Amino acid sequence: MAALPLGPPGGGCLLAVGDQPGGFGPDDRACLELIARAIPVPAPAVAADTGELAADAFSLAMDTGRMEAGARLLRLFGIAPDSFDGRVETLLARTVPEDLPALMSVVEADHMTIGERELEFRILQPAGPPRWLRLRGRLLPRGEGRPARLVGTVADASTLRSDGTDVARVQRLAASLATAGTVQDVGRAVVAALRKPLQADRIALAELENDRLVVTVLDPPEPEAWPEVWRSEWRTEWPDAPVRAMPTLAAALRAGRTRIWPAGSALEPALGEVGPGGLAVLPLPAGTRMAGACLIGWDRPHHFAPDERALLTACAALTGQALLRAHAIDAEHELVGMLQRTLLPRRLPRLPGGTAVARYLPTTAGLEVGGDWYDVIPLADHHVALVIGDVQGHNAGAATLMGQMRTALRAYAVEGHPPDVVVAHANRLLLDMETGLFATCGYVDVDMEQGTAWCVRAGHPHPVLRHPDGTAEIVRCEGGPPLGVLDRAAYPMTPLRLRPGTVIALTTDGLVESPGLDLDTGMDRLARELAAADPGHLGLVADALLAGAQRDDDVALLLMRYDGMAVRPLRESWTVWRVPEAARHARRFTRRTLRGWQLSRDTVDAALLVVSELVTNALVHTGGPVRLDLDLAGHRLRLAVTDSSPRSPVKPAGIGWEATGGRGILLVEAVSAAWGTVPVSGGKQVWAELATGD
Numbered sequence: 000m001a002a003l004p005l006g007p008p009g010g011g012c013l014l015a016v017g018d019q020p021g022g023f024g025p026d027d028r029a030c031l032e033l034i035a036r037a038i039p040v041p042a043p044a045v046a047a048d049t050g051e052l053a054a055d056a057f058s059l060a061m062d063t064g065r066m067e068a069g070a071r072l073l074r075l076f077g078i079a080p081d082s083f084d085g086r087v088e089t090l091l092a093r094t095v096p097e098d099l100p101a102l103m104s105v106v107e108a109d110h111m112t113i114g115e116r117e118l119e120f121r122i123l124q125p126a127g128p129p130r131w132l133r134l135r136g137r138l139l140p141r142g143e144g145r146p147a148r149l150v151g152t153v154a155d156a157s158t159l160r161s162d163g164t165d166v167a168r169v170q171r172l173a174a175s176l177a178t179a180g181t182v183q184d185v186g187r188a189v190v191a192a193l194r195k196p197l198q199a200d201r202i203a204l205a206e207l208e209n210d211r212l213v214v215t216v217l218d219p220p221e222p223e224a225w226p227e228v229w230r231s232e233w234r235t236e237w238p239d240a241p242v243r244a245m246p247t248l249a250a251a252l253r254a255g256r257t258r259i260w261p262a263g264s265a266l267e268p269a270l271g272e273v274g275p276g277g278l279a280v281l282p283l284p285a286g287t288r289m290a291g292a293c294l295i296g297w298d299r300p301h302h303f304a305p306d307e308r309a310l311l312t313a314c315a316a317l318t319g320q321a322l323l324r325a326h327a328i329d330a331e332h333e334l335v336g337m338l339q340r341t342l343l344p345r346r347l348p349r350l351p352g353g354t355a356v357a358r359y360l361p362t363t364a365g366l367e368v369g370g371d372w373y374d375v376i377p378l379a380d381h382h383v384a385l386v387i388g389d390v391q392g393h394n395a396g397a398a399t400l401m402g403q404m405r406t407a408l409r410a411y412a413v414e415g416h417p418p419d420v421v422v423a424h425a426n427r428l429l430l431d432m433e434t435g436l437f438a439t440c441g442y443v444d445v446d447m448e449q450g451t452a453w454c455v456r457a458g459h460p461h462p463v464l465r466h467p468d469g470t471a472e473i474v475r476c477e478g479g480p481p482l483g484v485l486d487r488a489a490y491p492m493t494p495l496r497l498r499p500g501t502v503i504a505l506t507t508d509g510l511v512e513s514p515g516l517d518l519d520t521g522m523d524r525l526a527r528e529l530a531a532a533d534p535g536h537l538g539l540v541a542d543a544l545l546a547g548a549q550r551d552d553d554v555a556l557l558l559m560r561y562d563g564m565a566v567r568p569l570r571e572s573w574t575v576w577r578v579p580e581a582a583r584h585a586r587r588f589t590r591r592t593l594r595g596w597q598l599s600r601d602t603v604d605a606a607l608l609v610v611s612e613l614v615t616n617a618l619v620h621t622g623g624p625v626r627l628d629l630d631l632a633g634h635r636l637r638l639a640v641t642d643s644s645p646r647s648p649v650k651p652a653g654i655g656w657e658a659t660g661g662r663g664i665l666l667v668e669a670v671s672a673a674w675g676t677v678p679v680s681g682g683k684q685v686w687a688e689l690a691t692g693d
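The opening position of the sequence shown corresponds to residue 0 in numbering that gives the first Met the number 0, with each subsequent residue numbered one higher.
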């Protein structure tokens, strides 16, 4: 049994009972002393008999900041008792800046709850190193649970400390590990807590995966600072070494206890070169398994004090649990990132007369995948649909729904529906899915030839336009409710006029709204930053706009710069009437149009053959209206026939000499550079392209 006193005289004691025959060894004793000093036992601030303040005590009024302090306490801060002005700020001004945030968290009422507090901090001295003080206190309520006074004591902790046994350092390490979200964060926290106080030359943190030691954090990071066997196993960024190559390390991991070897110990090169002046190996336990190991090495002979052994033991237990948790978080982050990348476009298409870039930033506040999405959809007649949206929630259901909505909007848009119909169809689809979720959406259909656009909003933030003169405008577009809310919702269209050089910015609310930023203020800031950016480098503009993102929500950003088409295509259309000589009328219209466009005779003859076959197929195999469209852009002639049947023509696998039909599609394929079919508003469009060479 071990008994250790707690706090000031009369503060109590710590009892520890073990079942080992040898009792508590030196390492165990040092660790118990470290724990005993970390247990808060505040002394009474007011003497029980006299009602006066004790010499090392204080009483702080939380509402005014006025403070009463004992003479001994003031002398610790280097202040004469008769010159103290009673302001807590006077004492805080003498605190080491790095320790001030932790001390402020104790003396600020907004961050306090009723109960006891303990903290170690440093104060500046006129000469010499900073002095360590230990504050123990208790927050006393003042009716209805509201704080009134913080009372306690402040004592000199310098004599109870060394550079290695730092209770506050262990506390700070625990706090850092509690917020470490990745394995890299865990490693950085361990390096910050151990390397400087131990004056170590190198620290390595490694995860144990099967029989391999995968080193994830090295300090220093240069390969030349580490053993040759590590460099021989180096993979891309971090080394990966088999445990069997270091039997001493393997034995330490099996034992599960901190092992320390002084200078000159006989170790295999893979370990001996890590610490020729001394080596400490900290197995990192995590429940019933070993999460990894931490290696600490010195170049010059190092004497290991009992306090240092206690610090290493305490850090090992904290790091093991944090490493296991961070590894799980890393794996989940990777899974979430892979899912998000799969659901979003891999790359944006090239646009005629414009350039588009997009960015997506997942939230750092949690690990679940978000529902933000964006899309750029090339449409017929040099139209482009810009889509951005946000599904309610941050979970797998929201991500799945996001993928479904993105696919549905793309399908409705490619069918040729106008923007308001596309969004209305998506709304009905979401209601029919009965998910209980809703989604906001912004949809802009841009005519790249004319420089016009139609905008539709479904509960989404307004688009922002940056005009060529450098001014930015938040376009107040009419809007309807979010998708999935109302069955018969109306989604009005708002016209936009684009001049060459105009930039359209669409974003989700994660960029312009946060707990400390309302939507209107965020939109104004986005407009100012967009106006100040250089639209010639659209990728840099997107990165600059995301630089100030709060990251407490997902952020999707879509930018498009409209440059205007250098050469506008020639376009004509013909409605094919269902009369006996309809095909001849279509050929006559085609010949007259193409001659007016001054195309060669060979191109005209090939086009007439294609038009004859496509129009005849539409008249024979479908009902309803038929339309012929001719487009000439550059050296490509596009011929398209639209009908009301959704059935696509099928190219026959083979045709015998006695067959009377089925050769039309083969002829079209033979004379065309490319051909295909796309669904259009309940029907289809069969198209073919010819290389004019003119």
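Where a beta carbon is used, it is the ideal one built from N, C-alpha and C, also for glycine.
Remember, it's a predicted structure, so these values are computed and weren't measured experimentally.
Euclidean distance between Cα positions of residue i and residue j
i    : j    : result
A605 : G392 : 55 Å
T341 : L557 : 18 Å
G682 : A548 : 45 Å
W237 : I503 : For W237, the pLDDT reaches just 46, beneath the cut-off of 50, and the residue's location in the model is therefore unreliable, although a value from the coordinates is still provided. For W237 and I503, the distance between alpha carbons rounds to 42 Å.
G77  : L5   : 27 Å
R409 : D389 : 15 Å
S256 : A54  : The question names Ser, but residue 256 in the sequence shown is Arg. The alpha-carbon atoms of R256 and A54 are separated by roughly 44 Å.
A532 : L505 : 16 Å
L123 : T94  : 6 Å
V610 : G633 : 20 Å
M111 : D519 : Any reading at M111 needs caution, since the residue's pLDDT is 47, under 50, leaving its predicted position unreliable; the model's value is listed next. If you take the alpha carbons of M111 and D519, they lie about 33 Å apart.
E688 : I664 : 13 Å
A203 : V540 : 39 Å
M564 : R349 : 13 Å
D553 : V463 : 19 Å
D109 : P196 : Confidence in D109 is poor, its pLDDT being 48 and thus under 50, which makes the residue's placement unreliable; the coordinate value appears in the next sentence. Near 33 Å, if we compare the C-alpha coordinates of P196 and D109.
G163 : A37  : Residue placement at G163 is poorly supported in this model, since its pLDDT is 40, which falls under 50; the coordinates still yield a value, given next. Cα to Cα, the separation comes out at about 15 Å.
G622 : L537 : 48 Å
D48  : A174 : Residue placement at D48 is flagged as unreliable, the pLDDT there being 41, under the threshold of 50; a coordinate-derived value is accordingly withheld.
A398 : D444 : 25 Å
A379 : P514 : 42 Å
N394 : Q19  : 49 Å
Sheet register partners of residue i (DSSP bridge)
i    : result
H382 : L378, D446
G500 : In the DSSP output, where bridge partners are listed per residue, G500 has none listed.
A205 : V214, A292
D628 : S572, A639
M66  : L59
T247 : Paired residue(s): none; T247 is not in a bridge.
I387 : Y373, G441
For residue j and residue i, believed in contact at Cβ under 8 Å, the rounded distance
i    : j    : result
V677 : L613 : The pair is not a contact, with the Cβ atoms about 14 Å apart (cut-off 8 Å).
A471 : A546 : In fact, because the Cβ distance is near 17 Å, the residues do not count as touching under 8 Å.
E414 : S680 : 6 Å
M492 : A438 : Not really, about 19 Å apart at Cβ, beyond 8 Å.
A29  : R346 : A29 to R346, Cβ: 59 Å. No contact.
L75  : V189 : L75 to V189, Cβ: 32 Å. No contact.
M289 : A269 : The Cβ separation is near 18 Å, so there is no contact.
Which listed residue (the options) has its alpha carbon closest to that of residue i
i    : options                : result
A526 : W576, R594, R465, G479 : R465
W453 : V87, A425, P514, H382  : H382
G692 : P96, A224, L631, L544  : L631
N426 : C440, V609, A1         : C440
R324 : R121, T181, V153       : T181
A250 : F83, E267, P261, A262  : E267
P344 : T451, I387, M564       : I387
I295 : E32, L310, V670        : L310
C12  : R577, A2, A690         : A2
M447 : L593, A269, P351, S82  : P351
G469 : G521, P418, E528, G450 : E528
A101 : A292, F120, A92        : F120
L281 : R299, T318, I376       : T318
E32  : V640, A92, A313        : A313
L695 : L607, L176, T641, D642 : Outside the shown range of the chain (0 to 693) lies residue 695, about which nothing can therefore be said.
* Asked: Below 8 Å, can you find three or more Cβ-Cβ pairs linking the stretch 480-497 to the stretch 448-459?
  -> Counting Cβ pairs under 8 Å, three or more are found: they touch.
* To do: Could you say if the stretch 214-223 and the stretch 185-193 meet the contact criterion of at least three C-beta pairs nearer than 8 Å?
  => Yes: the two stretches touch, three or more of their Cβ pairs being nearer than 8 Å.
* To do: Pair every Cβ in the stretch 643-652 with every Cβ in the stretch 592-610, then say whether three or more of these pairs are closer than 8 Å.
  => Segments in contact, no.
* Does the stretch 565-578 come close enough to the stretch 615-632 to have 3 or more Cβ pairs within less than 8 Å? -> Touching, per the Cβ criterion.
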